[in-house]
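S.K.:
See the structure below:
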């Protein structure tokens, strides 16, 4: 059966396009608080679980050994916009472990943000691996490897201890068997593992509730989540959806985007985790849907706060002359 | 009932995302040759019917009065990439009618093609309305207005004779009542009218078969279609899908993209027209689906040619290190 329509794109009086998908909102015990669509089909979480992948940076002691503060930890969980400050901070992290950008194996790409890209071009520059949106996560991987005395080369491979540690954390948090059938290669060359939305949502709920996992792991996860909520720009970039969502409720909402229409996150005070995927992979849809899910979850706890997320669950479409021509809006009800 | 899945996006061994939609392949008599999904729901054709909108440029005699050749006619039907040559040709068209780029009411935007955009930025320039992907169509509108002795200002408004002529052509070709319920505003500020996919497909079939329309109109449409097939770069841009599709079968395939996952076109030798829409508006999906529809239509007539379009019905996905990680592929069968 097809997933429900969760986002509509209107033009004039007509629904021009629409997006189907599913989501799960779960508590630490794994109890389903809200959901739509198929939440059991394994889907790739992509960058939405960078917090899970960052936990070994804390647990091995590498973050403390290199004196990483919240800004560095937020960048280690980031899909950043490749702004100058992001690239510089990634370089500073690597320098702490005696490395530079040449050891990154994430590849180069022009920053996703078109204006950042054009500014780089205007200065006659080209992007390096430090501008890759995943360079902070990779800096975290590399620093952990150096701290553990491991070979850095090939750290993106599934067999490398860096990826094995990340995989073990994801398996622990999701409770899902990450066998080779559900393994793909991510844009930044590391393995990505597909699991049900329900399992990813439960993983985030475990981290913020402490339910069913070791206290040390919950503390590590919470430290990363708190760092991201305190430094949303480091975790995303100027004007990005993750930044706007976390600025709307400082310290109360953690939300992280992933490629192909994924969003994961947590409401720490409520001990809840969530995960969503748009069937067709559209980011414009995931960005309004996540706001609608958060608004619905907060409604009975804090109606004012919920209203702020209602506003983020719809974006106005304008043409090149700035005339309003339609909207992208979540249709949860 | 949900439309069928027509395009899959894979990663590793998993279908990561998928796209639903519908299409119609119709002959000049309106006979359905092939179709999937809902082809009766009104959808906005957006830029995919620029040929329809260009017909008054021919029928009024403006194109001949200004000495427009096939390159200018192709640009009048284009969603171009904003390359230097496109902007220059649009300016040349306007100059023929004593105008310049300042009269364009389509708005400015950075060229959709990121590398074209960055090259403009690298030179310290900013886009003008001449770089707008629709500037050729608007140049055609403006030249027609001048030729007819009409006020150019406000030519994008529904009440202006330019838009009334375009609307009358679309109504004639689709046979659909274009009332205010189905009217929206396009990205370039002109009205866009929603109609069923079947009707748009039939309109293109009428143009290439001559069925059911005035001979003069069929000739005008065929002249524009031939111009586009002869000059695919002018109608699209370097490396774009429309260019690749028309270069794969010179003179045998006309295909034109539209925003929000639309494609329309014709197989002139077979007297067929087609129209497709991806429900979620994804261009990556419309681009492989159109190739699959063309391949299927050509199979029994020219198997070798069909094979060329089979190849275009799948694109390989690579990560930033150029490793193959998946594919976008049409799943017509």
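Residue numbers (our numbering), protein chains in the order written: chain A, 1 to 333; chain B, 1001 to 1333.
Even glycine gets a Cβ: it sits at the ideal position worked out from N, Cα and C.
1) Would a check of beta-carbon distances place residue 323 of chain A closer than 8 Å to chain B?
2) Going by DSSP in three states, residue 71 of chain A sits in which element: helix, strand or coil?
3) Please classify residue 1059 of chain B: does DSSP put it in a helix, a strand, or coil?
4) Answer with yes or no whether the minimum CB distance from residue 283 of chain A to chain B is below 8 Å.
5) Take residue 113 of chain A as the anchor and find which of A:282, A:82, A:104 has the nearest alpha-carbon.
6) For residue 117 of chain A, which residues in chain B fall below 9 Å Cβ to Cβ?
7) Got a sec: is the Cβ-Cβ distance from residue 1051 of chain B to anything in chain A below 8 Å?
8) Nearest CA to the CA of residue 1322 of chain B: which residue from A:187, A:100, A:177?
9) Assuming residue 1256 of chain B and residue 1265 of chain B make a contact with CB atoms under 8 Å, what is their CB distance in whole Å?
10) Using a cut-off of 8 Å between C-beta atoms, extract the partners of residue 1135 of chain B located in chain A.
11) How many Å lie between residue 1165 of chain B and residue 1301 of chain B at the Cα?
12) Please compile the residues from chain A whose C-beta is within a distance smaller than 9 Å of the C-beta of residue 1194 of chain B.
13) Thinking residue 167 of chain A and residue 78 of chain A are a contact (beta carbons under 8 Å), I'd like their distance in whole angstroms, please.
14) Residue 1245 of chain B: which of B:1071, B:1211, B:1047, B:1288 sits nearest, CA to CA?
15) Residue 247 of chain A: buried (16+ other C-beta within 10 angstroms of its C-beta) or exposed?
16) For residue 171 of chain A, does the three-state DSSP call read helix, strand or coil?
17) Note down, in chain order, each residue of its chain lying with its Cβ closer than 7 Å to the Cβ of residue 240 of chain A, except the 5 sequence neighbours on either side.
18) Within 8 Å of any Cβ in chain A, is that where the Cβ of residue 1263 of chain B sits?
19) Count the other C-beta atoms from every protein chain shown that fall within 10 angstroms of the C-beta of residue 1069 of chain B, then say buried if there are 16 or more, exposed otherwise.
20) Under a three-way DSSP split, which group does residue 1221 of chain B fall into?
21) Alpha helix (DSSP H) containing residue 246 of chain A: first to last residue?
22) Counting only runs that start and end within the region 170 to 206 of chain A, where is the beta strand (DSSP E) found for 3 or more residues in a row?
23) So residue 1099 of chain B and residue 1142 of chain B are in contact, right, with Cβ under 8 Å, and what is the actual spacing, rounded?
24) Would you mind telling me which residues of chain A sit closer than 9 Å to residue 1260 of chain B, beta carbon to beta carbon, in chain order?
25) Just list the residues that DSSP pairs residue 1028 of chain B with in beta bridges.
26) Buried or exposed, going by whether 16 or more other CB atoms sit within 10 Å of the CB of residue 118 of chain A?
27) Anything in chain A within Cβ reach of residue 1189 of chain B, meaning under 8 Å, just list it in chain order.
28) Contact criterion: CB-CB distance below 8 Å. Does residue 182 of chain A meet it with respect to chain B?
29) Alpha carbon to alpha carbon, how far is residue 319 of chain A from residue 1046 of chain B? Give it in angstroms, no decimals.
30) Who are the near neighbours of residue 128 of chain A in its chain, counting only those whose CB is closer than 8 Å to its CB and skipping five residues on each side?
31) Counting beta carbon pairs with one atom in the region 1290 to 1299 of chain B and one in the region 1047 to 1066 of chain B, are three or more of them shorter than 8 Å?
32) If we cut at 8 Å on Cβ distances, does residue 1044 of chain B have a partner in chain C?
33) Does any C-beta atom of chain B lie closer than 8 Å to the C-beta of residue 101 of chain A?
34) Relative to the C-alpha of residue 1199 of chain B, which residue among B:1170, B:1057, B:1209 is closest?
35) Would you give the residue range spanned by the beta strand (DSSP E) that residue 263 of chain A belongs to?
36) Just to confirm the assignment, what range does the alpha helix (DSSP H) spanning residue 292 of chain A have?
M.R.: Inspection of the coordinates gives the following:
1) yes
2) helix
3) helix
4) no
5) A:82
6) 1114, 1117, 1118, 1121
7) no
8) A:187
9) 6 Å
10) Here the premise fails: no neighbours, minimum Cβ distance about 11 Å.
11) 37 Å
12) 11, 12, 14, 16
13) No, residue 167 of chain A and residue 78 of chain A are not in contact; Cβ-Cβ is about 20 Å, not under 8 Å.
14) B:1288
15) exposed
16) helix
17) 81
18) no
19) exposed
20) helix
21) 241 to 247
22) 183 to 185, 191 to 193
23) 6 Å
24) 9, 11, 16, 17
25) Residue 1028 of chain B pairs with nothing; no bridge assigned.
26) buried
27) 319, 320, 321, 323
28) yes
29) 13 Å
30) 87, 101, 108
31) no
32) Absent from the structure: chain C. Protein chains present are A and B.
33) no
34) B:1170
35) 262 to 267
36) 283 to 298
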